[in-house]
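Peer 1:
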Amino acid sequence: MRNLCHNPTMTMTAFIPASIALLCSGVTFLSSGLALNSPTFMILGAVFMAVGTPMAIVTLTRRTARAR
């Protein structure tokens with residue numbers, strides 16, 4: 001059985017859909033919270049965006065650094 005953990009491109013590629021999903025759901029929750037004036041939805045949106053943003057930054061910077 002082949003071990004895919006040694007290939008950093010394969011592991012980094014998996015983070016791209018996850019970070020996009022977190023950012024999109026964060027924007028959705030945040031906009032719903034603003035529309036409904038609900039602090040719970042605003043906090044959920046902020047948390048999702050706070051998790052998704054660094055994940056996207058790390059993923060994209062590592063991919064571009066390897067491309068050079």
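Each residue of the sequence shown is one higher than the one before, counting from 1 in full-length UniProt numbering. Quick reminder that beta carbons are idealized off the backbone N, C-alpha and C, glycines included.
In chain order, what are the residue ranges of uninterrupted alpha helix (DSSP H) at least 4 long that sit wholly in the region 10-46?
Peer 2: 15-36
Peer 1: Expressed to the nearest angstrom, what Euclidean distance is found between the alpha-carbon atoms of Met1 and Thr13?
Peer 2: Confidence at Met1 is low in this model, with a pLDDT of 49, below 50, so the placement of that residue is unreliable and no value is reported for it.
Peer 1: I'd like the list of long-range same chain contacts for Met49, defined as Cβ closer than 8 Å, with 5 residues on each side in sequence excluded.
Peer 2: Leu22, Leu23, Gly26, Val27, Leu30
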